[in-house]
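Novice: The sequence shown begins at 538 in my numbering and counts up by one. Supplied in C-alpha coordinates, the structure appears directly below.
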Amino acid sequence: MLRVMADFLEVTTALEREAEYDTVFVDTEFTRLPLQKEHIRSWARSTGTISVSAVPLDGGTPFYAVQNLSKKLRAQCSDFVLTEVLPHIEAAEVTCRFSTPLQFKRAFAGYFKNRLAATERRPLIAVDWIGDAFLLEYMLPAQADILLLDQIPEVERSFEQFFTGSRRRHNAVHDAMALREGYLACRQVTVRGRADAE
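And the structure:
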(Lines of atoms letter the chains of each structure in order from A; the text may use other names.)
(Lines give C-alpha, C1' and ligand atoms only; values in the text may rest on other atoms or scores of the structure.)
Protein backbone atom coordinates (compact mmCIF):
# COMPACT_ATOMS: atom_id res chain seq x y z
CA MET A 538 0.00 0.00 0.00
CA LEU A 539 1.08 3.56 -0.65
CA ARG A 540 2.22 5.58 2.33
CA VAL A 541 -0.16 8.05 3.93
CA MET A 542 0.56 11.73 3.43
CA ALA A 543 2.34 12.03 6.78
CA ASP A 544 4.93 9.51 5.58
CA PHE A 545 5.97 11.55 2.54
CA LEU A 546 9.33 13.26 2.93
CA GLU A 547 9.46 17.04 3.10
CA VAL A 548 12.02 18.88 1.00
CA THR A 549 14.10 19.97 4.02
CA THR A 550 14.41 16.34 5.16
CA ALA A 551 15.29 15.19 1.63
CA LEU A 552 18.02 17.83 1.37
CA GLU A 553 19.47 16.88 4.76
CA ARG A 554 19.54 13.19 3.78
CA GLU A 555 20.36 13.65 0.10
CA ALA A 556 23.50 11.48 0.24
CA GLU A 557 21.40 8.48 1.32
CA TYR A 558 19.21 8.53 -1.77
CA ASP A 559 19.20 8.13 -5.50
CA THR A 560 16.78 11.00 -6.12
CA VAL A 561 14.69 10.60 -9.25
CA PHE A 562 12.07 13.09 -10.45
CA VAL A 563 8.95 11.42 -11.83
CA ASP A 564 6.10 12.83 -13.88
CA THR A 565 3.10 11.18 -15.50
CA GLU A 566 0.59 12.07 -18.18
CA PHE A 567 -2.83 10.44 -18.17
CA THR A 568 -6.15 10.37 -20.00
CA ARG A 569 -8.06 12.70 -17.67
CA LEU A 570 -7.85 14.74 -14.47
CA PRO A 571 -9.87 13.68 -11.41
CA LEU A 572 -13.49 14.77 -11.25
CA GLN A 573 -14.40 17.36 -8.61
CA LYS A 574 -15.46 14.93 -5.85
CA GLU A 575 -13.48 11.90 -7.04
CA HIS A 576 -10.92 10.50 -4.60
CA ILE A 577 -7.40 10.55 -6.05
CA ARG A 578 -6.85 6.84 -5.43
CA SER A 579 -10.13 5.96 -7.22
CA TRP A 580 -9.11 8.23 -10.09
CA ALA A 581 -5.70 6.57 -10.32
CA ARG A 582 -7.31 3.13 -10.69
CA SER A 583 -9.64 4.25 -13.47
CA THR A 584 -7.58 6.65 -15.58
CA GLY A 585 -5.29 5.53 -18.39
CA THR A 586 -1.56 6.17 -18.21
CA ILE A 587 -0.23 7.80 -21.37
CA SER A 588 3.40 8.41 -20.41
CA VAL A 589 5.79 8.30 -17.47
CA SER A 590 9.22 9.85 -17.10
CA ALA A 591 11.96 9.45 -14.50
CA VAL A 592 14.78 12.03 -14.51
CA PRO A 593 17.66 11.41 -12.07
CA LEU A 594 19.13 14.19 -9.95
CA ASP A 595 22.65 13.06 -10.87
CA GLY A 596 22.13 13.77 -14.56
CA GLY A 597 21.89 10.10 -15.52
CA THR A 598 19.86 8.83 -18.45
CA PRO A 599 16.14 9.63 -18.18
CA PHE A 600 13.49 6.94 -18.54
CA TYR A 601 10.56 7.85 -20.79
CA ALA A 602 7.80 5.34 -21.38
CA VAL A 603 4.94 6.10 -23.76
CA GLN A 604 1.87 3.96 -24.25
CA ASN A 605 0.96 3.10 -27.83
CA LEU A 606 -1.85 5.53 -28.65
CA SER A 607 -4.64 3.26 -29.80
CA LYS A 608 -8.06 4.55 -30.87
CA LYS A 609 -9.44 3.15 -27.61
CA LEU A 610 -6.91 5.11 -25.53
CA ARG A 611 -7.52 8.32 -27.50
CA ALA A 612 -11.27 7.93 -26.97
CA GLN A 613 -10.66 7.95 -23.19
CA CYS A 614 -8.74 11.24 -23.33
CA SER A 615 -10.28 14.49 -22.16
CA ASP A 616 -10.31 17.48 -24.49
CA PHE A 617 -7.46 19.02 -22.48
CA VAL A 618 -5.30 15.93 -22.98
CA LEU A 619 -6.09 15.81 -26.70
CA THR A 620 -5.05 19.45 -27.21
CA GLU A 621 -2.35 20.04 -24.55
CA VAL A 622 -0.68 16.66 -23.92
CA LEU A 623 -0.79 14.42 -27.00
CA PRO A 624 0.72 17.01 -29.40
CA HIS A 625 3.87 17.07 -27.20
CA ILE A 626 4.19 13.36 -26.48
CA GLU A 627 7.14 12.96 -28.90
CA ALA A 628 8.94 16.15 -27.78
CA ALA A 629 11.50 14.04 -25.85
CA GLU A 630 13.31 10.84 -26.75
CA VAL A 631 11.18 7.79 -25.93
CA THR A 632 13.10 4.96 -24.26
CA CYS A 633 10.19 2.51 -23.92
CA ARG A 634 6.88 2.00 -25.71
CA PHE A 635 4.26 -0.19 -24.08
CA SER A 636 0.81 -1.58 -24.83
CA THR A 637 -0.03 -3.19 -21.48
CA PRO A 638 0.50 -2.24 -17.83
CA LEU A 639 2.67 -5.34 -17.40
CA GLN A 640 5.04 -4.23 -20.16
CA PHE A 641 5.36 -0.84 -18.51
CA LYS A 642 5.80 -2.31 -15.03
CA ARG A 643 8.66 -4.54 -16.22
CA ALA A 644 10.44 -1.67 -17.98
CA PHE A 645 9.98 0.69 -15.02
CA ALA A 646 11.20 -1.94 -12.55
CA GLY A 647 14.18 -2.68 -14.80
CA TYR A 648 15.15 0.99 -14.90
CA PHE A 649 15.16 1.26 -11.10
CA LYS A 650 16.98 -2.07 -10.74
CA ASN A 651 19.75 -0.69 -12.97
CA ARG A 652 19.79 2.57 -11.00
CA LEU A 653 20.15 0.65 -7.73
CA ALA A 654 23.02 -1.40 -9.14
CA ALA A 655 24.77 1.77 -10.35
CA THR A 656 24.26 3.98 -7.29
CA GLU A 657 23.84 1.45 -4.45
CA ARG A 658 21.37 3.88 -2.89
CA ARG A 659 17.65 3.43 -2.39
CA PRO A 660 15.41 5.54 -4.58
CA LEU A 661 13.73 8.74 -3.52
CA ILE A 662 10.87 9.40 -5.93
CA ALA A 663 10.12 13.12 -6.23
CA VAL A 664 6.73 14.20 -7.59
CA ASP A 665 4.96 17.55 -7.72
CA TRP A 666 1.45 16.15 -7.26
CA ILE A 667 0.22 13.31 -5.09
CA GLY A 668 -1.75 11.97 -8.07
CA ASP A 669 1.54 10.95 -9.73
CA ALA A 670 2.39 8.82 -6.69
CA PHE A 671 -1.08 7.24 -6.57
CA LEU A 672 -0.97 6.51 -10.31
CA LEU A 673 2.30 4.60 -9.85
CA GLU A 674 1.35 3.14 -6.46
CA TYR A 675 1.95 -0.49 -7.43
CA MET A 676 4.85 0.25 -9.78
CA LEU A 677 7.30 2.01 -7.44
CA PRO A 678 10.24 0.08 -5.95
CA ALA A 679 9.31 -1.39 -2.56
CA GLN A 680 12.22 0.32 -0.80
CA ALA A 681 11.49 3.77 -2.30
CA ASP A 682 10.65 6.85 -0.28
CA ILE A 683 8.51 9.59 -1.81
CA LEU A 684 9.22 13.31 -1.82
CA LEU A 685 6.18 15.51 -2.48
CA LEU A 686 7.20 18.87 -3.99
CA ASP A 687 3.74 20.42 -4.05
CA GLN A 688 3.10 24.14 -3.52
CA ILE A 689 6.77 24.99 -3.06
CA PRO A 690 7.67 28.48 -4.37
CA GLU A 691 10.97 27.44 -5.98
CA VAL A 692 9.25 24.61 -7.84
CA GLU A 693 6.39 26.84 -8.97
CA ARG A 694 8.90 29.41 -10.26
CA SER A 695 10.78 26.69 -12.10
CA PHE A 696 7.59 25.64 -13.90
CA GLU A 697 6.94 29.27 -14.84
CA GLN A 698 10.44 29.76 -16.31
CA PHE A 699 11.54 26.37 -17.64
CA PHE A 700 9.41 25.95 -20.75
CA THR A 701 11.18 27.84 -23.51
CA GLY A 702 12.35 26.79 -26.96
CA SER A 703 11.81 23.07 -27.51
CA ARG A 704 10.78 22.36 -23.90
CA ARG A 705 7.11 21.50 -23.79
CA ARG A 706 4.78 21.72 -20.79
CA HIS A 707 2.85 18.47 -20.31
CA ASN A 708 5.59 16.38 -21.81
CA ALA A 709 6.49 14.04 -18.93
CA VAL A 710 10.27 14.32 -19.47
CA HIS A 711 10.25 18.11 -19.64
CA ASP A 712 7.93 18.37 -16.62
CA ALA A 713 10.26 16.07 -14.63
CA MET A 714 13.24 18.19 -15.70
CA ALA A 715 11.43 21.34 -14.52
CA LEU A 716 10.74 19.63 -11.20
CA ARG A 717 14.45 18.79 -10.90
CA GLU A 718 15.32 22.45 -11.51
CA GLY A 719 12.88 23.48 -8.79
CA TYR A 720 14.48 21.04 -6.34
CA LEU A 721 17.95 22.39 -7.19
CA ALA A 722 16.63 25.91 -6.51
CA CYS A 723 15.37 24.69 -3.10
CA ARG A 724 18.83 23.31 -2.41
CA GLN A 725 20.42 26.66 -3.33
CA VAL A 726 18.08 28.57 -1.02
CA THR A 727 18.83 26.14 1.83
CA VAL A 728 22.60 26.44 1.35
CA ARG A 729 22.35 30.26 1.26
CA GLY A 730 20.23 30.22 4.40
CA ARG A 731 22.76 28.10 6.26
CA ALA A 732 25.62 30.38 5.14
CA ASP A 733 23.72 33.48 6.29
CA ALA A 734 23.02 31.87 9.66
CA GLU A 735 26.72 31.18 10.34
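For each residue, glycine too, the CB sits at the ideal point set by N, CA and C.
To which residues does DSSP link Tyr-675 through a beta bridge?
Specialist: Position 138 of the sequence shown, counting from 1, holds the residue named residue 675. None; Tyr-675 has no bridge partner.
Novice: Just verifying my parser: in three-state terms, what is the DSSP assignment at Arg-554?
Specialist: In the sequence shown, counting from the first residue as 1, residue 554 sits at position 17. Coil, per DSSP.
Novice: What would DSSP say about Ile-689, mapped onto helix, strand or coil?
Specialist: Here residue 689 corresponds to residue number 152 of the sequence shown, with the count starting at 1. It is coil, neither helix nor strand.
Novice: Would you kindly work out how many angstroms separate the C-alpha atoms of Val-589 and Phe-700, rounded to a whole number?
Specialist: Start at 1 with the first residue of the sequence shown, and residue 589 comes out as number 52. Start at 1 with the first residue of the sequence shown, and residue 700 comes out as number 163. Looking at the two C-alpha atoms, the distance is approximately 18 Å.
Novice: Alpha carbons only, please: which of Arg-724, Ala-646, Arg-694, Gln-688 is nearest the one belonging to Pro-600?
Specialist: Here residue 600 refers to the residue found at position 63 of the sequence shown. Reading off the sequence shown, one finds Phe at residue 600, where the question assumed Pro. The shortest C-alpha separation from Phe-600 is found at Ala-646.
Novice: Rounded to whole angstroms, what's the CA-CA distance from Leu-570 to Thr-656? Just pull it up for me.
Specialist: Here the question's residue 570 lines up with position 33 in the sequence shown. Here the question's residue 656 lines up with position 119 in the sequence shown. Whole-angstrom Cα-Cα distance: 35 Å.
Novice: Within the continuous alpha helix (DSSP H) that includes Pro-638, where are the two ends?
Specialist: Translated into positions along the sequence shown, residue 638 becomes position 101. Pro-638 -> alpha helix (DSSP H) spans 638 to 656.
Novice: By the 10 Å Cβ neighbour count, where 16 or more other Cβ atoms means buried, how is Val-728 classified, buried or exposed?
Specialist: Residue numbering aside, residue 728 sits at position 191 when the sequence shown is read from its first letter. Under this definition Val-728 is an exposed residue.
Novice: Is Arg-724 near Leu-552, with beta carbons less than 8 Å apart?
Specialist: Translated into the one-based positions of the sequence shown, residue 724 becomes position 187. Translated into the one-based positions of the sequence shown, residue 552 becomes position 15. Their beta carbons are under 8 Å apart, which means Arg-724 touches Leu-552 by this criterion.
Novice: What is the DSSP secondary structure of Leu-716, reduced to helix, strand or coil?
Specialist: Residue mapping note: residue 716 aligns to position 179 of the sequence shown, counting from 1. Helix.
Novice: Spatial neighbours of Asp-682 within its chain, please: CB distance less than 6 Å, with the 5 preceding and 5 following residues excluded, ordered by chain position.
Specialist: To locate residue 682, count along the sequence shown from 1; it is residue 145. Excluding sequence neighbours, Asp-682 sits near Leu-546, Leu-661.
Novice: Exposed or buried, what is Thr-550 when buried is set at 16 or more other beta-carbons lying within 10 Å of its beta-carbon?
Specialist: Mapped onto the sequence shown, residue 550 falls at position 13. Thr-550 should be labelled exposed.
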